[in-house]
Amino acid sequence: MNLRTLILVASLLFLFLQPYAQHPERKSIPFDSLHKALTNAQTKKEQIDAYLTLGAALSAGRMSDSLFFYAEKIDTTDLYGLAGRQYLKGLAHYRKMQFQEATAELEAASKTLKLQNEKSYLQAMQTLGIAYSRMREPEKAKLTFETMLDFIGDKPAPFKRSIYGNLGMAYRDLGDYNKAMLYFEKCIEERPDDVFSVVNSYMNMATMFGRLEMYDEAIATMMKIDTTKIKNMVVYVAYNNNLGEYHFRNENYEWAKKYLKRGSDLAKEMKQPHLNVKPNIYLSKIYTASGLFDLAEERLAEGFKASRKQPHPPAQIDINLAASEYYLTQENTDSTIYYANTAIRTAELGKAKQQLKNVYQILAQAYEQKGLIDEANIFYKKHASFTDSIEEVGRLKTIATARARYEVAKKEVALLKSNEQKSFFEGLSIKFGIAALVLVIGCIFLYKLFFSEKKTSALREEEIESLNKKLEKNNTITEKIVETTPRLLLKSKAVIDLSELMYIKSDGPYLEFYLVSRANPEVDRNTLKAVIEDLPKDQFVQVHRSYIVNINFVRSIFATKLMLTTGDDINISRSFKANIEKVLIKPVIS
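Residues in the sequence shown are numbered from 1 upward in steps of one, following our numbering.
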């Protein structure tokens, strides 16, 4: 079979497969022009260049076997020919998801390609970086993409947009969300007309805000997307499902229902059942929270039906976890245990244990409902072990660090803008002062605006400083109070020493009591509303719908959070901020 015949067969094969292509940027392969370049090559280098161009096209068409075939056709008697063969083999291994083999070939090829074929070098590095990302080696991926940027410099290049996007993904996986967001923004700026990249970048940014539990920011980021320009319906379904989830997390249930129902309806219309699992999970949670249990069970049933039509392990784990949580609220312990164990088995088969989250706690609570305390304690220990595992602790530490970095960066940007405004107004005031006779009205206006901004900023700082002074005064007063070591008796019969109780966190129908002397919280079935009635009013205050805090353990008060003496941060809700003021204003005990 000659070369012309091979290319013709490959062309027909590609045309047959083309209707099933899903990537929005994939284009048909110009085999005629590629074949012409091969046959017209006058030198060995020109022939190798033609093979590399053909290889890039075949890789875009996911034709890995053809890549292996053409790799063997390259003359490897010099370094450039050897690099060309390694390049095509690397692309072929990548398309076969053989990332270890792909990275080895591409690393070797890129050293020579860098000097002799700039376009193929960038293609090799791009594929190498993505392979590292898929191998969960974000540090190597980051270094690869940064090397590409250094190589390109200030020159315009078609790879820049994708480099920025991939660097955003690498920094996201490293937990540096600030840099990740910076590169996603650069990706948008590079090609604002590329709808796929813009939507993908905004959705990635929103996902990071979601991981940081900053749901207002996640929603605001999603709302920047112009949905009228989204042509890919799979992306549009994902948009609605994700936005619905963020509204649910933010307890905006009506908005959540709107987007989740739209996502579910579109998934059914498109006959994409794997996209219909997530919206039904969250719709079931919303109906459960509203006491509409029949509707909740209908949504669970629809979610299960979708997961069976198109099995996808992550979705199957999530729907079984959702069912176990639902039946726990109904005190249907047998169903709770069945679905929780199904989630565990699915996660073990798919090596996705990180998805299990509170499954062992759910099992413990189910066995507790059945009165099987020994079995419940076994699963409470498993839950504690899972929560304290190196992987989970590392994940939580990464998220905490990322949130802290984001908050610091946001304050730095706000301060920079404030200083820029201050300098701007001062500069203008000086200039206007020189021509005071002509522009006196303008000077007065600018000075008023400047001092208004300064006064507003001072008032905010004064408010926070006032709260902290009251906190300091409160702690001084507390030291004078004779300790009587009051205690709290829980429903589980556990006894809590209130002098050691730092804060209480609500987790569904259960409360977690965090003590100074214990690494893990004491868990009890109760509500914050009931417990706060039994706590000293001058010592414990509800600062959020999910938190009660012992004021004696508060180190500092900020605009939206408290910092405890242990270094932990507790969110403050605006609706509960007045409670802190009341507790801090206490009579001095002489």
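Ideal placement from N, C-alpha and C gives every residue a C-beta, glycine not left out.
Measure the C-alpha to C-alpha separation of Met125 and Ala157 and round it to an integer number of angstroms.
On the sequence shown, position 125 is the one that residue 125 refers to. On the sequence shown, position 157 is the one that residue 157 refers to. About 14 Å.
Just verifying my parser: in three-state terms, what is the DSSP assignment at His312?
Taking the first residue of the sequence shown as 1, we reach residue 312 at position 312. Coil.
Leaving aside the five residues before and after Glu368 along the sequence, list all residues of the same chain whose C-beta is less than 7 Å from its C-beta, in chain order.
Start at 1 with the first residue of the sequence shown, and residue 368 comes out as number 368. Excluding sequence neighbours, Glu368 sits near Ala376.
Which complete alpha helix (DSSP H) runs does the stretch 222-273 hold, if anything under 4 residues is left out?
233-249, 253-270
Identify whether Lys89 lies in helix, strand or coil by the three-state DSSP scheme.
As a first step, residue 89 must be located in the sequence shown, where it is residue number 89. Note: Lys89 maps to helix in three-state DSSP.
C-alpha gap between Ile570 and Leu488, whole angstroms:
The count along the sequence shown starts at 1 and reaches residue 570 at position 570. The count along the sequence shown starts at 1 and reaches residue 488 at position 488. Using only the alpha carbons, I get a separation of about 22 Å.
Min CB distance Asp75 to chain C below 8 Å
Among the protein chains of the structure shown there is no chain C, as only one such chain exists.
So Asp154 is in the beta strand (DSSP E); what residue range does that whole segment cover?
Numbered from its first residue, the sequence shown carries residue 154 at position 154. Taken as a continuous stretch (DSSP letters only), Asp154 belongs to no beta strand (DSSP E), as it is neither H nor E.
Reducing DSSP to helix, strand and coil, say where Val199 ends up.
Residue numbering aside, residue 199 sits at position 199 when the sequence shown is read from its first letter. Val199 falls in the helix class under three-state DSSP.
Helix, strand or coil for Glu581 per DSSP?
For this step, residue 581 is matched to residue 581 along the sequence shown. Of the three classes helix, strand and coil, the one that applies to Glu581 here is helix, per DSSP.
Considering only residues of the same chain and omitting the five flanking positions on each side of Asp173, which have a CB-CB separation below 6 Å?
The sequence position of residue 173 within the sequence shown is 173, counting from 1. The answer, listed in chain order, is Pro138.
Grouping DSSP H, G and I as helix and E and B as strand, with all else coil, what is Glu492?
Counted from its first residue, the sequence shown places residue 492 at position 492. For the sequence presented, residue 492 should be read as Ser rather than Glu. Correct three-state label for Ser492: coil.
Which word fits Ser290, buried or exposed, when buried means at least 16 other C-beta atoms lie within 10 angstroms of its C-beta?
Taking the first residue of the sequence shown as position 1, residue 290 is located at position 290. In this structure Ser290 is exposed. Its beta-carbon is surrounded by fewer than 16 other beta-carbon atoms within 10 angstroms.
Beta-ladder partner(s) of Asn571, from DSSP:
For the purposes of this step, residue 571 is taken as the residue at position 571 of the sequence shown. Bridge partners of Asn571: Lys561.
For Val234, which residues from the same chain have a beta carbon less than 8 Å from its beta carbon, with the 5 sequence-adjacent residues on both sides left out?
In the sequence shown, counting from the first residue as 1, residue 234 sits at position 234. Same-chain partners within the cutoff: Gln22, Met270, Gln272, Leu275.
Taking 8 Å as the threshold (C-beta atoms), are Asn552 and Gln542 in contact?
Within the sequence shown, numbered from 1, the residue matching residue 542 stands at position 542. Within the sequence shown, numbered from 1, the residue matching residue 552 stands at position 552. For Gln542 and Asn552, no; Cβs fall outside 8 Å.
Proximity test, Lys268 beta-carbon vs the ligand PLP heavy atom, cut-off 7 Å:
Only the bare structure without any ligand can be found here, which leaves the ligand PLP out of the picture.
Give me the DSSP bridge partner(s) of Glu512.
Counted from its first residue, the sequence shown places residue 512 at position 512. Answer by DSSP bridge pairing, in chain order: Lys505, Val523.
What number of angstroms, rounded off, separates the C-alpha of Leu592 from the C-alpha of Ile337?
Nothing about residue 592 can be reported from this structure: the residues present for the chain run from 1 to 590 only.
Using alpha carbons as the reference points, say which of Phe209, Ile319, Leu321, Asp65 lies closest to Tyr94.
Position 94 of the sequence shown, counting from 1, holds the residue named residue 94. It is Asp65 whose Cα lies nearest to the Cα of Tyr94.
When burial is assigned at 16 or more other CB atoms within 10 Å of the CB, is Ser590 buried or exposed?
By 1-based counting over the sequence shown, the position of residue 590 is 590. Model confidence at Ser590 stands at a pLDDT of 36, short of 50, so the residue's coordinates are unreliable; what they give is reported in the following sentence. Exposed.
With DSSP collapsed to three states, give me the class of Asn550.
Within the sequence shown, residue 550 is the residue found at index 550, counting from 1. Correct three-state label for Asn550: strand.
Taking one C-beta from the stretch 80-92 and one from the stretch 102-113 each time, how about it: are there three or more such pairs within less than 8 Å?
yes
Quick one: what does DSSP say Gln542 is sitting in, helix, strand or coil?
By 1-based counting over the sequence shown, the position of residue 542 is 542. Gln542 falls in the strand class under three-state DSSP.
Which runs of the alpha helix (DSSP H) fall wholly inside the stretch 70-140 and span at least 4 residues, in chain order?
79-95, 99-116, 118-134
Cα separation between Leu528 and Gly508?
To locate residue 528, count along the sequence shown from 1; it is residue 528. To locate residue 508, count along the sequence shown from 1; it is residue 508. The alpha-carbon atoms of Leu528 and Gly508 are separated by roughly 11 Å.
Output needed for Phe184: all residues of its chain with C-beta closer than 8 Å, excluding positions within five of it in sequence on either side, in chain order.
Along the sequence shown, read from residue 1 onward, the residue named residue 184 stands at position 184. Around Phe184: Tyr164, Gly165, Gly168, Ser201, Tyr202, Asn204, Met205.
Cβ neighbour criterion (16 or more within 10 Å) applied to Met97
For this step, residue 97 is matched to residue 97 along the sequence shown. Exposed, by the Cβ-count rule.
Sort out for me which residues DSSP pairs Asp497 with in a bridge.
The count along the sequence shown starts at 1 and reaches residue 497 at position 497. Arg487, per the DSSP bridge assignment.
Rounded to the nearest angstrom, how far is the Cβ of Ile548 from that of Tyr503, given a contact under 8 Å?
Your numbering for residue 548 matches position 548 in the sequence shown. Your numbering for residue 503 matches position 503 in the sequence shown. Rounded to whole angstroms, the Cβ separation of Ile548 and Tyr503 is 6 Å, and the two are in contact under 8 Å.
Shortest alpha-carbon distance to Lys142 belongs to which of Lys179, Gln123, Lys111?
As a first step, residue 142 must be located in the sequence shown, where it is residue number 142. Among Lys179, Gln123, Lys111, the Cα nearest to that of Lys142 belongs to Lys179.
Identify, in the order they occur along the chain, each residue of the same chain with its Cβ nearer than 7 Å to the Cβ of Asp216, setting aside the five sequence neighbours on each side.
Within the sequence shown, the letter at position 216 stands for residue 216. Closer than 7 Å at the Cβ level, and outside the excluded window around Asp216, lie Asn250.
Tell me the rounded alpha-carbon separation between Lys525 and Thr127.
In the sequence shown, the residue the question calls residue 525 occupies position 525. In the sequence shown, the residue the question calls residue 127 occupies position 127. Position check: residue 525 holds Arg in this sequence, whereas Lys was assumed. Cα-Cα distance, rounded: 52 Å.
Ile373 burial status per 10 Å Cβ neighbour count (16 or more: buried)
Start at 1 with the first residue of the sequence shown, and residue 373 comes out as number 373. It counts as exposed.
So who's on the other strand from Ser556, going by DSSP bridges?
Working through the sequence shown from its first residue, we reach residue 556 at position 556. Paired residue(s): Met563.
Could you tell me whether the Cβ atoms of Leu300 and Ala315 are closer together than 8 Å?
Residue 300 sits at position 300 when you count from the first residue of the sequence shown. Residue 315 sits at position 315 when you count from the first residue of the sequence shown. Going by C-beta atoms, Leu300 is not nearer than 8 Å to Ala315.
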